[in-house]
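Going by the working numbering, the first residue of the sequence shown is number 259, and it counts up by one from there. Glycine included, each C-beta is placed from N, C-alpha and C at the ideal position.
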Amino acid sequence: MSGLDRLLAAATLASLAVGPVWTLSFGEGKLLLSPAQFLLIPLVFQYVIANLNLPGTLRKSGTYARTGGPILAAVLLMIPVFTAFNPASAAAAFTNFFCGVLVGFFIARSWSAADPGSFGIVDLGLMLFVLSSSAQMFMLFRAAGSAGAFHSTAAASWGGSNYVGGVLVIASFAALGRSQVMNRASGWMLLAAGIGLASALITTSRGAVLSLGAGLIVFLWGYGKTPLRRFLVRTAALVSPLLTAFLLSTINSARFDGQGGDSANISARFELFDISWSQFLSSPLWGTGWATLESVTVDRFGAPLTFAHNLFFSFLQIGGFLSIPILFYILVSVTLGISRRHAFAAAAAAMFVLAQTEPIFEGLVGASIAFTILQVINNTGLNPASEVPHGFNNAIDRLEHGKRSNRVPNAR
């Protein structure tokens, strides 16, 4: 793994906070291109040059499923582009999703090959993404004047408040996980994680709060070397649902001011799930296509909704049975990360919970962050020769006993 690979990966990760800079129009479709998508070009070129014998290498190492699996599963979802109501809009939606999968693959490839105990350039890219996105949220919040006004009008350069708040929770837990396995500079990652979580909370996104609660449970559950310490920390973990409930109540009061809008909002979500399920049943083999929901939701909700805001309903509506491989990959990766107490376990838990209320995997930035985390879990969590810590306790043990290895793990 060359320094150029890592530099490009870090730049791509940091540039996700910039958002679209160029609009490509074709037919009735419109594709908003961001710097991260442009940076995919040198990443792909560098990868091809470095792996001219890639198929043979993958066959020998037995890593087809762990490296090419999500990409092949994503390619299957190109088919619903041609069955969609509006193929041009469908092509734009699929391109964002597929670019997110590729970005995640390349960032994870560079991250997994680095020394897990060192602060690397890809870690810097994550910090810059979290801090840049947080700065955008804080500035918008200051200008809004109230939490309700901020939530309804705020939009960062790469998404609205719900989407940004949720992705920031995931990225912050990733930074928090990295801080636990670093020998040095962990304080900077911890600071970035704290700022990211604070900025996510000011979005008053209920999805962000739910994912925060899930991430906290998994994060705290991994601590504790003695029975007493484990008891205290896990008791604190069990209290986190109460904190989540309190935050949700506070957010509902701030956003809806007791007018019952929260109930109407939840009812609308369930109606969207029902519409998406009906779409799947009408075409279970390959779904009704990308962006097809826009044509069937505009009359009901007054605005076109591109996705179902639920991982399973969304992908089943889009690709029918063709979406099963990507759903299987996500479920297995999240389960692997949590069960092995991977450093990204909390991020994986937060991601999965958030995906039940927000289209995290369907958009460019969310997919890039999500597939990066899932791919790092796969690259390191299944390699018995790797010295990447599989949990926070392992990291603490290494630090307390001074067993710091400089060996670069084989990310394959």
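First and last residue of the alpha helix (DSSP H) that includes residue 335?
For this step, residue 335 is matched to residue 77 along the sequence shown. No alpha helix (DSSP H) holds residue 335; DSSP gives it neither H nor E.
What is the DSSP secondary structure of residue 284, counted as helix, strand or coil?
For the purposes of this step, residue 284 is identified with residue 26 of the sequence shown, where counting begins at 1. Looking at residue 284 - three-state DSSP - the assignment turns out to be strand.
Report, in whole angstroms, the separation of the C-beta atoms of residue 417 and residue 626, which I expect to be a contact under 8 Å.
Taking the first residue of the sequence shown as 1, we reach residue 417 at position 159. Taking the first residue of the sequence shown as 1, we reach residue 626 at position 368. That belief does not hold up - the Cβ atoms of residue 417 and residue 626 are roughly 12 Å apart, past 8 Å.
Quick check on residue 545: does DSSP put it in helix, strand or coil?
As a first step, residue 545 is located in the sequence shown; it is residue number 287 there, counting from the start. Looking at residue 545 - three-state DSSP - the assignment turns out to be coil, as it is neither helix nor strand.
Distance, Cα to Cα, residue 274 vs residue 485?
Reading the sequence shown from its first residue, position 16 is the one you call residue 274. Reading the sequence shown from its first residue, position 227 is the one you call residue 485. So the alpha carbons of these two residues sit roughly 42 Å apart.
If you follow the alpha helix (DSSP H) that residue 467 is part of, which residue opens it and which one closes it?
Walking along the sequence shown from the start, residue 467 turns up at place 209. Unbroken alpha helix (DSSP H) run through residue 467: 464-479.
Specify whether the stretch 388-398 and the stretch 362-373 touch according to this definition: at least 3 beta carbon pairs, one from each stretch, less than 8 Å apart.
Contact between the stretch 388-398 and the stretch 362-373 is absent, because fewer than three Cβ pairs lie under 8 Å.
According to DSSP, what are the bridge partners of residue 414?
As a position in the sequence shown, residue 414 is number 156, starting the count at 1. Note: residue 414 sits in a beta bridge opposite 417.
Return yes when the Cβ of residue 354 is within less than 8 Å of the Cβ of residue 549, no when it is not.
Position 291 of the sequence shown, counted from the start, is the residue given in the question as residue 549. Position 96 of the sequence shown, counted from the start, is the residue given in the question as residue 354. In this structure, residue 354 does not lie closer than 8 Å to residue 549 by Cβ.
Residue 291 bridges to which residues according to DSSP?
Taking the first residue of the sequence shown as 1, we reach residue 291 at position 33. Residue 291 pairs with 280.
Would you kindly work out how many angstroms separate the C-alpha atoms of residue 557 and residue 360, rounded to a whole number?
The sequence position of residue 557 within the sequence shown is 299, counting from 1. The sequence position of residue 360 within the sequence shown is 102, counting from 1. Using only the alpha carbons, I get a separation of about 35 Å.
In the DSSP assignment, the alpha helix (DSSP H) including residue 593 goes from what residue to what residue?
Position 335 of the sequence shown, counted from the start, is the residue given in the question as residue 593. Per DSSP, residue 593 belongs to the alpha helix (DSSP H) from 582-597.
Pop quiz: residue 375 and residue 440 are said to be a contact at Cβ under 8 Å. What is the actual Cβ separation, rounded to whole angstroms?
Working through the sequence shown from its first residue, we reach residue 375 at position 117. Working through the sequence shown from its first residue, we reach residue 440 at position 182. Confirmed, about 6 Å.
Keeping to the same chain, check which residues put their C-beta closer than 8 Å to that of residue 459; ignore five residues upstream and five downstream.
Your numbering for residue 459 matches position 201 in the sequence shown. 423, 466, 467, 470, 505.
Are the stretch 332-350 and the stretch 282-290 touching, with three or more C-beta to C-beta distances below 8 Å?
Counting Cβ pairs under 8 Å, three or more are found: they touch.
Taking its Cβ as the centre, do 16 or more other Cβ atoms sit within 10 Å of residue 589, making it buried, or is it exposed?
The residue you call residue 589 lines up with position 331 of the sequence shown. Label assigned to residue 589: exposed.
Assess contact between the stretch 531-543 and the stretch 584-602, defined as three or more Cβ pairs (one per stretch) separated by less than 8 Å. Is contact present?
Because the criterion of three Cβ pairs below 8 Å is not met, the stretch 531-543 and the stretch 584-602 do not touch.
If you draw a straight line from the C-alpha of residue 296 to the C-alpha of residue 290, how long is it?
Numbered from 1 along the sequence shown, position 38 holds the residue referred to as residue 296. Numbered from 1 along the sequence shown, position 32 holds the residue referred to as residue 290. Going from the Cα of residue 296 to the Cα of residue 290 covers about 11 Å.
Locate the alpha helix (DSSP H) running through residue 449, then write down its first and last residues.
For the purposes of this step, residue 449 is identified with residue 191 of the sequence shown, where counting begins at 1. It spans 444-460 - the alpha helix (DSSP H) in which residue 449 sits, taken as one unbroken run.
On the three-state DSSP scale, how would you describe residue 440?
Counted from its first residue, the sequence shown places residue 440 at position 182. It is coil, neither helix nor strand.
Rounded to a whole number of angstroms, what is the C-alpha to C-alpha distance between residue 614 and residue 426?
Reading the sequence shown from its first residue, position 356 is the one you call residue 614. Reading the sequence shown from its first residue, position 168 is the one you call residue 426. So the alpha carbons of these two residues sit roughly 16 Å apart.
For residue 498, I'd like the list of residues in its chain whose CB is within less than 6 Å of its CB, leaving aside the five on either flank, ordered along the chain.
Against the sequence shown, residue 498 aligns to sequence position 240. The residues are 471, 474, 475.
Using CA coordinates, which residue listed in 265, 624, 633, 637 is at the minimum distance from residue 421?
Mapped onto the sequence shown, residue 421 falls at position 163. Minimum Cα distance to residue 421 is reached at 624.
Pick helix, strand or coil for residue 373, following the three-state DSSP scheme.
Here residue 373 is taken as the residue at index 115 of the sequence shown, counted from 1. It is coil, neither helix nor strand.
Excluding the 5 residues flanking residue 339 on each side, which residues of the same chain have their C-beta closer than 8 Å to its C-beta?
Counting from 1 along the sequence shown, the entry for residue 339 is found at position 81. So the qualifying residues of the chain are 345, 348, 349, 352, 547, 548.
Run through DSSP, which three-state label would residue 300 get?
The count along the sequence shown starts at 1 and reaches residue 300 at position 42. Three-state result, residue 300: helix.
Taking just the CA atoms, how far does residue 329 sit from residue 619?
Here residue 619 corresponds to residue number 361 of the sequence shown, with the count starting at 1. Here residue 329 corresponds to residue number 71 of the sequence shown, with the count starting at 1. Each residue's Cα considered, the two are about 13 Å apart.
Measure the alpha-carbon distance for residue 317 versus residue 327 and round it to whole angstroms.
Your numbering for residue 317 matches position 59 in the sequence shown. Your numbering for residue 327 matches position 69 in the sequence shown. Only weak support exists for where residue 317 lies, its pLDDT of 47 falling under 50; the value from the coordinates is given anyway. Straight-line Cα distance between these residues: approximately 13 Å.
Could you give the distance in angstroms between the alpha-carbon of residue 292 and the alpha-carbon of residue 442?
Along the sequence shown, read from residue 1 onward, the residue named residue 292 stands at position 34. Along the sequence shown, read from residue 1 onward, the residue named residue 442 stands at position 184. Each residue's Cα considered, the two are about 33 Å apart.
Give the single residue among 580, 402, 594 whose Cα lies nearest to the Cα of residue 671.
Here the chain has residues from 259 to 670 only, and residue 671 is not among them.
With respect to the alpha helix (DSSP H) encompassing residue 627, which residues constitute its N-terminal and C-terminal limits?
For the purposes of this step, residue 627 is taken as the residue at position 369 of the sequence shown. Counting along the chain, the alpha helix (DSSP H) containing residue 627 begins and ends at 622-639.
Give every residue of the same chain whose Cβ lies closer than 8 Å to the Cβ of residue 336, excluding the five residues on either side of it in the sequence, and list them in chain order.
As a working note, residue 336 is residue 78 in the sequence shown. Excluding positions up to five away in sequence, the list reads 352, 356.
Determine whether the beta carbon atoms of residue 538 and residue 575 lie at a separation below 8 Å.
Taking the first residue of the sequence shown as 1, we reach residue 538 at position 280. Taking the first residue of the sequence shown as 1, we reach residue 575 at position 317. Yes; because the gap between Cβ atoms is below 8 Å, this pair is in contact.
Nearest to residue 451 by CA position, among 419, 567, 431, is which residue?
The residue given as residue 451 occupies position 193 in the sequence shown. Per the Cα distances, 431.
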